[in-house]
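Here's the structure, in structure tokens; my notes come after.
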Amino acid sequence: MTQVLVAGVMWALVVSLLILRRGRADRSITYAAVMIALAMTLNVDPVYEVTDPLLGGTNIVTLIGDALLMIGLYFLGHGVMKAGDYRPRLIRLAVGRPALCVALALVLALFLSINSGATTTTFMHDIGDQLQAFFYSVTVFTYCGVVMAAMHALAISQWTATRGLMRVPAVCLTLGSASGIVLCISVWVMDIAHVTGATSVLEAASAWYGPLTLASFLLLCAGFVAQPLARILRRQSHGVKTDALLAQLEPMWHTATKLRPGLSNQQHSNGLSTDPESQLHRHVVEIRDAMIDPRIDYVINDYQLAILERAEQHLLGAPLAKRNDGTTA
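Numbering of the sequence shown is given in this note's numbering, commencing with residue 1 and proceeding in unit increments.
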């Protein structure tokens, strides 16, 4: 049941990203979602039982699914890293292509050395006592754990660098990657318990596998869906505030441009339209120009000055908001 839920969540993420992130140049997160969704779908028992016999019935689908998961996590970590400015060397190595290639080569070599038997939906349960299978699983989840740890560090850096609504995706990614790290640790414990014959430890660790898997992917998916949604909501909020400030500045601006005609009057006479952000900027500039022009007598009261300063802070905050939007890939 957990496999079906996780696969469904991942395909829902794929659809959401295709809608919410269309037009973006960087597709790393979308590629990651597709790869991981395919990996989780292949892990669904009915799908596995149909596809593996078609490929020879030697559990090769286990290798394909694990490889897709590793590649998906590579794109995931790469996308999160590119979204922020925090990119230390150790993290670049962890989510880099060389690390992925080495891990995939090692996983392939170990899988080929395993006596994998006939198609089974309980691969590690059936052959987990083989030393080669132990090293195979440990290698897969060591790579996954390393990428999750790198994502955790990146998510924490984004959490501290953002505020308000933009902090929500970073919080989800922080919690999701933390759950992923614990999941990888639980798999290591299961592998060690299986190869050493510690049945009670294996059963105890197995009980955590399903909930941790579901929690990890739910939180990570929530984080990646929340990113574009938060950007959309922030842009809408910014636009509403821009319109409100324009309306508040309008009387001051009309008075200022009557006394000192500026570029806005020329644009209006030429039939040129500008976006609200540009209009607000022009209003602020022309009001300030009128205030400092010694040829005219233009004075505003404290209340009007406070509105003008709020408009200036709003405009100055636009570049910062744009940087923070980028954190959420």
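Just so you know, even glycine gets a beta-carbon here, dropped at the ideal spot from N, CA and C.
Considering just the uninterrupted stretch of the alpha helix (DSSP H) at residue i, what are its terminal residues?
i: Q279; result: P276 to I292
i: P169; result: R167 to T196
i: L55; result: First-last for L55: undefined, no H or E at that position.
i: Q158; result: L131 to A161
i: I29; result: S28 to L42
i: V102; result: R97 to L112
i: G317; result: D302 to D325
Keeping to the same chain, check which residues put their C-beta closer than 8 Å to that of residue i; ignore five residues upstream and five downstream.
i: R288; result: L308
i: A94; result: G77, V146, V147, A149 and A150
i: A198; result: I192
i: A329; result: Any reading at A329 is ruled out, since the residue's pLDDT is 36, under 50, leaving its predicted position unreliable.
i: S269; result: At S269, the pLDDT of 43 sits below 50, so the modelled position is not reliable; the number obtained from the coordinates is stated separately. Around S269: no qualifying Cβ.
Using C-beta distances below 7 Å, list every residue in its chain close to residue i, excluding the 5 sequence neighbours before and after it, in chain order.
i: T41; result: A7 and V47
i: G65; result: A39, L42 and N43
i: W188; result: V138 and F141
i: R87; result: M81
i: L214; result: T2, L5 and V6
i: D243; result: P276
i: A311; result: L245, L249, L280 and V284
i: A133; result: I114, M124 and I127
i: A178; result: H152
i: G57; result: A118 and T119
i: L272; result: With a pLDDT of 44 at L272, under the threshold of 50, the modelled position of this residue cannot be trusted, and the question is left open.
i: S16; result: V225
i: L202; result: M190, A193 and H194
i: I31; result: In the sequence as presented, Ile is not what sits at residue 31; that position holds Tyr. Excluding residues within five positions, the ones whose Cβ falls inside 7 Å are F75.
i: V182; result: L212
For residue i, which residues from the same chain have a beta carbon less than 6 Å from its beta carbon, with the 5 sequence-adjacent residues on both sides left out?
i: T51; result: V61
i: S28; result: F75, H78 and G79
i: T174; result: A155, I156 and W159
i: Q267; result: In this prediction, Q267 scores a pLDDT of 48, lower than 50, which makes its location untrustworthy; no coordinate-derived value is stated.
i: L13; result: A33 and C221
i: P294; result: none
i: L106; result: T139
i: A205; result: S186, V189 and M190
i: L316; result: none
Just verifying my parser: in three-state terms, what is the DSSP assignment at residue i?
i: L366; result: For residue 366 there is no data in the structure shown, the boundaries of the chain being 1 and 329.
i: P88; result: coil
i: M124; result: helix
i: D330; result: Residue 330 lies beyond the range of the chain shown here (1 to 329); nothing can be said about it.
i: T119; result: coil
i: M338; result: Nothing can be reported for residue 338, as the shown portion of the chain is limited to 1 through 329.
i: M1; result: coil
i: A67; result: helix
Is any beta-carbon of chain B found at less than 8 Å from that of residue i?
i: H194; result: Absent from the structure: chain B. Only one protein chain is present.
At what residue ranges does the segment 209-273 contain a whole run of the alpha helix (DSSP H), taking only runs of 4 or more? DSSP runs (the alpha helix (DSSP H)) wholly in the segment 209-273: 263-269.
Counting Cβ pairs closer than 8 Å, one from the segment 119-138 and one from the segment 146-160, do we hit at least three? Taking 8 Å as the limit for Cβ pairs, the verdict is that the segment 146-160 does not touch the segment 119-138.
Using a Cβ distance threshold of 8 Å, determine whether the segment 296-314 contacts the segment 244-261, with at least three qualifying pairs required. Counting Cβ pairs under 8 Å, three or more are found: they touch.
Inter-stretch contact at 8 Å, needing at least 3 Cβ pairs: the segment 254-261 / the segment 284-300: Note that the segment 254-261 touches the segment 284-300; at least 3 beta-carbon pairs, one per stretch, sit closer than 8 Å.
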